[in-house]
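One structure is given here, and the rest of the page talks about it.
Numbering (full-length UniProt numbering), first residue to last: 1 to 437.
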């Protein structure tokens with residue numbers, strides 16, 4: 001009974017991308033799963049593949065079903081037979097709910113899957129795995145809890161375990177940050193003229209097209225509220241707007257949404273209300289992803305000229321491609337230079353430039369970069385051995401920045417209501433921030 005069970009459970013597609021996951025214990029970094037697929041492929045090639053793989057101190061126990069991998073992670077000595085029987089039970093329960101367990105049924109039913117994962121396991125220990133009992137209070141129609149249905153025992157739901165009783169603050173406040181970053185995968189032109197794109201996933205190809213772009217967002221909260229408050233958050237969510245006849249209003253179609261355990265998933269699935277009793281202090285309420293066409297917010301063009309094998313000149317143009325009313329703060333443009341470059345000279349229309357020889361790069365810093373602006377920078381270096389440098393792969397130019405009061409996706413907080421039985425007044429504060437990917 002004392003044997004440790006799973007820290008987290010993941011469902012992955014064939015490429016190893018996480019479709020859905022549930023962190024039960026918080027003792028293993030959720031990004032550890034990124035090592036699973038490379039290790040699996042390596043072991044498969046060697047002919048030494050086993051149902052238990054390891055990376056550092058983390059063990060992956062996995063099974064494959066159709067086009068999916070179900071993976072449980074554990075740091076300590078898990079009861080392996082218990083974990084495997086649990087994974088097979090998950091497949092059985094999901095198959096009974098969704099007829100066929102495959103990638104599409106995971107994407108279509110993420111809310112009910114979160115509910116099931118919450119009921120199937122508690123703090124890493126299997127709980128109610130009987131489908132008939134589960135179906136009494138997690139229904140397939142609308143995926144919502146039935147009011148008259150028997151409730152699961154407290155050991156299963158672990159009601160409000162994330163917040164203790166009797167919390168008191170003199171000033172009741174909630175801070176909510178919507179933080180987005182943009183990741184672009186880009187084909188880059190490499191001639192004597194270099195076209196380099198913002199957001200550091202750069203892939204060398206024969207053209208300069210954006211191959212993939214996605215927005216990754218999260219809503220983070222800092223909660224300083226007394227008692228047991230109920231919070232309700234409304235977003236300009238496309239599904240809600242379509243259902244309520246506001247399809248033409250400005251709305252955002254959120255994908256791959258992951259919620260903190262405090263969110264009532266059945267309520268969200270039923271009427272798209274994000275309703276929750278929050279933990280005290282700082283936490284991530286939700287994360288989301290949007291696969292959408294976005295242009296780089298700061299576009300970089302670089303022309304590199306080599307003169308008589310003895311010096312190299314960089315001409316860098318930075319252009320902000322967002323609206324004039326927004327401003328990017330603390331912009332840093334990192335430009336790689338040859339390892340043996342020396343005698344730097346810089347000239348810029350704005351900001352400052354410094355050479356960082358230990359990183360073989362120059363950093364162009366611009367404290368404030370308004371929308372719709374274009375700035376230029378020139379750099380000259382002495383270069384003793386230009387021939388050797390040509391054979392080395394060039395890392396891309398990368399850009400770091402933050403744009404307050406701005407989201408690329410257009411997501412908006414429509415309301416944040418705070419309800420507490422004592423009826424105190426509370427101040428909600430909302431910020432929007434976009435960062436580099």
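Where is the CB? At the ideal position from N, CA and C, for every residue including glycine.
Asked: Cβ neighbour criterion (16 or more within 10 Å) applied to residue 54; Found: exposed
Asked: Residue 198 in three-state terms, based on DSSP; Found: Only weak support is given to the placement of residue 198: the predicted model assigns it a pLDDT of 29, under 50, and the question is left unresolved by the model.
Asked: Segment contact flag, the stretch 295 to 309 with the stretch 339 to 350, C-beta cutoff 8 Å, min 3 pairs; Found: no
Asked: C-alpha distance - residue 7 paired with residue 325, whole-angstrom precision; Found: 45 Å
Asked: Residue from 109, 83, 16 and 81 with nearest C-alpha to residue 69; Found: 16
Asked: Between the CA atoms of residue 434 and residue 375 - distance to the nearest angstrom; Found: 21 Å
Asked: Residue 359 and residue 401 closer than 7 Å at C-beta; Found: no
Asked: Coarse secondary structure for residue 41, derived from DSSP in three states; Found: helix
Asked: Whole-angstrom C-beta distance between residue 22 and residue 114, which should lie under 8 Å; Found: 7 Å
Asked: Segment limits, beta strand (DSSP E) that includes residue 53; Found: 52 to 55
Asked: Buried or exposed (CB count within 10 angstroms, at least 16 for buried), residue 323; Found: exposed
Asked: Residue 118, buried or exposed, once every other Cβ within 10 Å from all chains shown has been counted against 16; Found: buried
Asked: Among 395, 330 and 291, the one whose alpha carbon lies nearest that of residue 336; Found: 395
Asked: Enclosing beta strand (DSSP E) for residue 413 [first to last residue]; Found: 413 to 419
Asked: Continuous alpha helix (DSSP H) assignments of at least 4 residues falling wholly in the stretch 289 to 332; Found: none
Asked: Per DSSP, cross-strand counterpart(s) of residue 20; Found: 11
Asked: Among 340, 314, 383 and 260, nearest to residue 364 - alpha-carbon criterion; Found: 314
Asked: The stretch 284 to 292 contacting the stretch 257 to 267, beta-carbon criterion three pairs below 8 Å; Found: yes
Asked: Residues of its chain near residue 43, where Cβ-Cβ distance is below 6 Å and the 5 sequence neighbours each way are ignored; Found: 49
Asked: First through last residue of the alpha helix (DSSP H) which encompasses residue 270; Found: 265 to 271
Asked: Cβ-based neighbour list, residue 319, same chain, cut-off 6 Å, excluding 5 preceding and 5 following; Found: 299 and 374
Asked: N- and C-terminal bounds of the beta strand (DSSP E) containing residue 252; Found: From DSSP, residue 252 is part of no beta strand (DSSP E); its letter is neither H nor E.
Asked: Own chain residues within Cβ distance below 7 Å of residue 381, not counting five before or after; Found: 311, 312, 337, 341, 342, 343 and 344
Asked: Opposing strand residues paired with residue 60 [DSSP bridges]; Found: 53 and 73
Asked: Candidates 316, 416 and 432: closest to residue 278 by CA position; Found: 416
Asked: Residue environment, residue 258, which counts as buried when at least 16 other CB atoms sit within 10 Å; Found: buried
Asked: Helix, strand or coil at residue 339 according to DSSP, with G and I counted as helix; Found: coil
Asked: Alpha-carbon to alpha-carbon, residue 410 and residue 399; Found: 22 Å
Asked: Cβ shell of residue 35 (< 7 Å), same chain only, five flanking positions each side left out; Found: 55
Asked: Other residues of its chain near residue 218: CB distance less than 6 Å, five sequence neighbours each side excluded; Found: 179, 284 and 287
Asked: Distance CB(residue 28)-CB(residue 10) smaller than 7 Å; Found: no
Asked: Beta-carbon gap between residue 321 and residue 297 smaller than 7 Å; Found: yes
Asked: Cα-Cα separation between residue 88 and residue 352, rounded to whole angstroms; Found: 59 Å
Asked: From 14, 332 and 253, residue whose alpha carbon lies closest to that of residue 65; Found: 14
Asked: Top-ranked residue by Cα proximity to residue 383, from 31, 423, 339 and 372; Found: 339
Asked: CB of residue 232 within 7 Å of CB of residue 275, strictly; Found: yes
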